[in-house]
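Under our numbering, the first residue of the sequence shown carries the number 1, and numbering increases by one thereafter. Since the structure comes first, as structure tokens, the remarks are kept for the end.
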Amino acid sequence: MSEIADMTDAQLAAHLAETAGQILLQVRDSAMFTGKALGKAGDETANQFLVHALRAQRPEDGLLSEESKDTKERLGKSRVWIVDPVDGTREYGEERSDWAVHVGLAIDGRASVGAVALPGLGDGAVLRTDRPAITSEYNGAPRLVVSRTRPAREALAVAKAIEGELVEMGSAGAKAMAVVRGDAEIYLHSGGQYEWDSCAPVAVALAHGLHCSRIDGSPLVYNQEDTWLPDLLICKPEFADEILRLVRELGPDTSAEN
């Protein structure tokens, strides 16, 4: 118990993300559930563990989870844990590999500490803010990770402009970590997300030296009363200025008005 009590925030985030990932694999391997029922069971089980663990280990901090009823209590706190027990519930329910567990800590509105587990990959991968890794060099066409079903208009336009390659992937965490791991260079999303979709991935990406912002270049701010975040850009720093310029030149999407 003393080892747990002495954990830093980053160590705690990584431990919780990894353990929740193991729990989710056990729920899946039990063969008690399939499809949407598997996703629901996994979400609820992992959430129970994460919420109870954080309240036990960091009782003074605020907490925001996708799977728990939100309250305004967190708004008055400097430190707020923001978690997504299963990012990519559909992918998890379909027994795909592109889903994640997010455990992030926002301090004064900034994604500061976090870990993202990728249990579906089968290699125990946990990307964390206290252990940034150096990825190998890549000299091919820029790779942009996009939704399997709804690739962002801006991402499609940017990919065309820079002659990039589109890589379809499931959850937001899986996409963001593809850039962190060096499997892609750009994650541009404009379809809307919530704070729990990006807090931990953004914290990890920043720790690895990546650019993270809204698609207009403004900072990503967390622990807001409205947890909706319309868009984000995570990319290697050398692409940031050009992508932001291209998005600015593309202008707002008016397709809904026509």
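Backbone N, C-alpha and C fix where the C-beta goes; we use that ideal spot for every residue, glycine too. The structure presented is a predicted model; accordingly, all values stated were derived computationally and were not measured.
Asked	Found
If we count the other Cβ atoms within 10 Å of its Cβ and call it buried at 16 or more, is residue 248 buried or exposed?	exposed
Can you tell me the Cα-Cα spacing of residue 169 and residue 33, whole angstroms?	24 Å
Return helix, strand or coil for residue 84, following the three-state DSSP convention.	strand
Quickly, what does DSSP pair residue 229 with across the bridge? List them, please.	193
Going by beta carbon distance, what residues of the same chain come within less than 7 Å of residue 98, once the five residues before and after it are set aside?	88, 91, 120, 169, 170, 171, 174
Find out if the Cβ-Cβ distance for the pair residue 200, residue 116 is shorter than 9 Å.	yes
Is the region 140 to 148 in contact with the region 38 to 57, if contact means three or more CB pairs nearer than 8 Å?	no
Using DSSP's beta-bridge definition, name the partner residues of residue 168.	146
Using 10 angstroms around the beta-carbon of residue 233, count the other beta-carbons present and answer buried if the total reaches 16, otherwise exposed.	buried
Alpha carbon to alpha carbon, what distance is there between residue 109 and residue 207?	16 Å
So if DSSP puts residue 104 in a beta bridge, which residue, or which two residues, is it bridged to?	82, 114
On a CA-only basis, which of 226, 217, 139, 215 is nearest residue 183? Give me that one, please.	139
Going by CA-CA distance only, name the one from 46, 14, 163 that's closest to residue 204.	14
Quick one: using the 10 Å Cβ neighbour count with 16 as the cut-off for buried, is residue 133 buried or exposed?	exposed
Can you give the Cα-Cα distance for residue 238 and residue 31, rounded to whole angstroms?	45 Å
Nearest to residue 59 by alpha carbon, out of 77, 164, 85, 17?	77
Please list, in chain order, all residues of the same chain as residue 244 whose beta carbon is under 6 Å from its beta carbon, the five residues on each side excluded.	217
Nearest CA to the CA of residue 28: which residue from 74, 94, 18?	94
For the region 152 to 164 against the region 47 to 65, do three or more pairs of beta-carbon atoms, one drawn from each stretch, fall closer than 8 Å, so that the two count as touching?	no
For residue 149 versus residue 194, is the C-beta spacing smaller than 9 Å?	no
Quick one: what's got a C-beta closer than 6 Å to residue 130's C-beta in the same chain, skipping five residues either side?	10
Quick check: residue 57 and residue 25, are their CB atoms within less than 9 Å of each other?	no
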